[in-house]
Amino acid sequence: MLEFWFFIEVVLNGMFAGTMYALIALGFVLIFKASGVFNFAQGFMVLFAALCFVGFLEMGLPMIVAFVLAGAIMVAWAFAVERFVLRYLVNQEPIILFMATIGIAFFLEGFGELLWGADVHPLDIGIPDGAWFVGPDGVMMVQQFDVSAAIIAGGLVAVLALFFTYTRIGRALRAVADDHQAALSVGIPLNQIWIIVWAVAGLVALVAGIIWGSRLGVQFSLSILALKALPVLILGGFTSVPGAIVGGLIIGVGEKVAEIYLGPYIGGGIEEWFAYVVAMLFLLYRPQGLFGDKIIERV
Amino acid sequence: MSVVTEASDAAQPLLKVNNIEVIYDHVILVLRGISLEVPKGGIVAILGANGAGKTTTLKAISNLLGTERGEVTKGSIEFDGVAVQASSPNDLVKRGCIQVMEGRHCFEHLTVEENLLTGAFTRGGDRQGIQRDLEMVYNYFPRLRERRTSQAGYTSGGEQQMVAIGRALMSRPKMILLDEPSMGLAPQLVEQIFEIVKQINEQEGVTILLAEQNTNIALRYAKFGYILESGRVVMEGEAEQLRNNEDVKEFYLGLGGEGRRSFRDVKHYRRRKRWLG
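If you read the protein sequences in the order shown, they are chains A and B.
The numbering of the first sequence is the numbering used here, which starts it at 60 and goes up by one.
The numbering of the second sequence is the numbering used here, which starts it at 413 and goes up by one.
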């Protein structure tokens, strides 16, 4: 019986970790959907947004003000990216846009350090950090922080999914993702769409940065976390918002369960590579992911 | 007052292209002085072979050249009395000039209905009007009603052409620029599509400027035609008159006067006789 509860705890922990991955993956999905570009800079946007937030907090501003200001900076950032980069790359090959996002990533990394320094900033936003004990005699421990993070991430995803599917702007975003020129020809202004999607991705990055930052501290390694989002994306599909969530959950649960139950047999450390192996299998057998748009080929 | 504006409307063509020159990538001269006029409510055809400059002309009018590194370097284009070059494609669609691109360009992953709705993007939140127009499009293309929930990428070429035209119609345009609607479609379907375009022109009062390689069908539906060759207008006239012109028959309609001849003769004849404006 105890073992059963332990298993549940492992799975739950995995799910919480998964929602955190999903949060990062979301930012990628947004930009990929609207411009067909893998935004290499997403991880750095998470770092940059979190740095701004912490920076404002350390200046003594109240949390809500810091959040609004950091959000405003991410929106301004979206305008800047459109004005100085994307505008000149309309109708270019995806690989060229991808290269541009690598440039953006390096710029953002340096710019963030220039503004806020390279120290590790601890972050506490007052999410309760205790634990609940559930089950008979409280055998199972659930971190309150994890639950809050999962709720925030889930809410964000639900809102975005509705936005993409049912609103006029959401439809326009998907149209732009399919065909830039055709979107332009029916009067969808590409630059406005890009600003919107980069701004939304920036806000998602801000939320992800705050949540991850209050767990790990705001530091350079936040940008590396983005690498964890990659297998999530491959699993869930690059173009699906719900896919990012489910992908995150599968990866999160999978790696925790594998670590605990397979670890002892093959020497542990599974958590480090499990996600990438799953991603590779998916690339081999189902490259569009679980929920991604099918690659349509008419014969 | 209204009488006066109507009178001046009739005199003023909806679209006026005045001697434009288009250069791609700063070096490739594609159009060398094209002038044309489209009267309000008319159907006008731009005809010519591959690479004659039909598509470029249309894209210059809808201001879509920018994304292909093309540029109008000389001349002027006026739609509804306002210069086109100063406005973005988005403005132009709002003002009533929309292009249906060659090769249809549907949004593959959106459903048929969502495709149509993207056409109404510039109309903002006018829900009732948009719903009414959706009905109108379905009435012109009943086939689309049946397929409204299918992803556009999985529909047939003919259905995609219908989606593209319907999508343009959803913007409540004054003029549709229709680029090569016959491309890759069975002759019967081409006929059907042209028939619907004609209906749209008559019933909705939408002016049509169409670019076509299929001279035969284009001249049957258009009232006026321009023939392009290497970026110039080499001939223009009433459709009727063009259809009966010996050179048009020979080069574009494939009707040689005196029975069958070897294709070598035709080539030879063509080489001797050049149309240079």
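Glycine included, every Cβ here is placed at the ideal spot set by N, Cα and C.
- Looking at the DSSP output, Ile435/B bridges to Leu441/B, Glu483/B.
- Shown here, Phe636/B sits in a strand according to DSSP, grouped into three states.
- Excluding the 5 residues flanking it on each side, Lys466/B has same chain C-beta neighbours closer than 7 Å at Ile458, Gly460, Ala623, Leu640, in chain order.
- A Cβ-Cβ contact shorter than 8 Å links Leu82/A with Ala212/A.
- Distances from the alpha-carbon of Ile186/A to those of Trp271/A, Leu232/A, Gly296/A, Gly327/A put Trp271/A closest.
- A distance of 8 Å or more separates the beta carbons of Gln497/B and Ser474/B.
- By DSSP's assignment, Ser488/B forms a beta bridge with Asn430/B.
- Scanning chain A for C-beta atoms nearer than 8 Å to the C-beta of Arg579/B yields Val245, reported in chain order.
- Any Cβ of chain A closer than 8 Å to the Cβ of Met574/B would place that residue at the interface, and such an atom is absent.
- Among the CB atoms of chain A, none fall inside 8 Å of the CB of Gln497/B.
- When secondary structure is reduced to three states using DSSP, Ile446/B falls in the strand class.
- Against chain A, the CB of Met595/B has no partner CB under 8 Å away; the residue lies outside that interface.
- Here Phe91/A carries a helix assignment [DSSP, helix/strand/coil].
- The continuous beta strand (DSSP E) containing Cys509/B extends over residues 509-512.
- At a beta-carbon threshold of 7 Å, the residues of chain B lying near Ala234/A are Phe519, Leu522, Thr530, ordered along the chain.
- For Arg274/A, there are no neighbours in chain B by C-beta distance under 8 Å, as the nearest C-beta there is about 36 Å away.
- Taken atom to atom, the span from the alpha-carbon of Ile432/B to that of Arg632/B is near 27 Å.
- Within the model, the alpha-carbon separation for Asn98/A versus Glu168/A is close to 14 Å.
- Secondary structure of Leu182/A (DSSP, three-state): coil.
- The three-state reading of DSSP puts Ile620/B in strand, counting E and B together.
- Not a single C-beta of chain B is nearer than 8 Å to the C-beta of Ala220/A.
- For Glu526/B, the residues of chain A that pass the 7 Å Cβ criterion are Arg230, in the order they occur in the chain.
- Here DSSP, grouped into helix, strand and coil, assigns Phe192/A to strand.
- Sorting Asp352/A, Ala264/A, Leu286/A, Ala317/A by C-alpha distance to the C-alpha of Met133/A places Ala264/A at the top.
- With respect to Val245/A, Ser499/B sits apart: the two C-beta atoms are not nearer than 8 Å.
- Residue-level contact by beta carbon fails for Asp178/A and chain B, as no gap is shorter than 8 Å.
- Contact between the region 600-612 of chain B and the region 544-553 of chain B is present: three or more C-beta pairs spanning the two stretches fall below 8 Å.
- Shown here, Asp538/B sits in coil according to DSSP, grouped into three states, outside any helix or strand.
- DSSP places Leu221/A in the helix class (H, G or I) of the three-state scheme.
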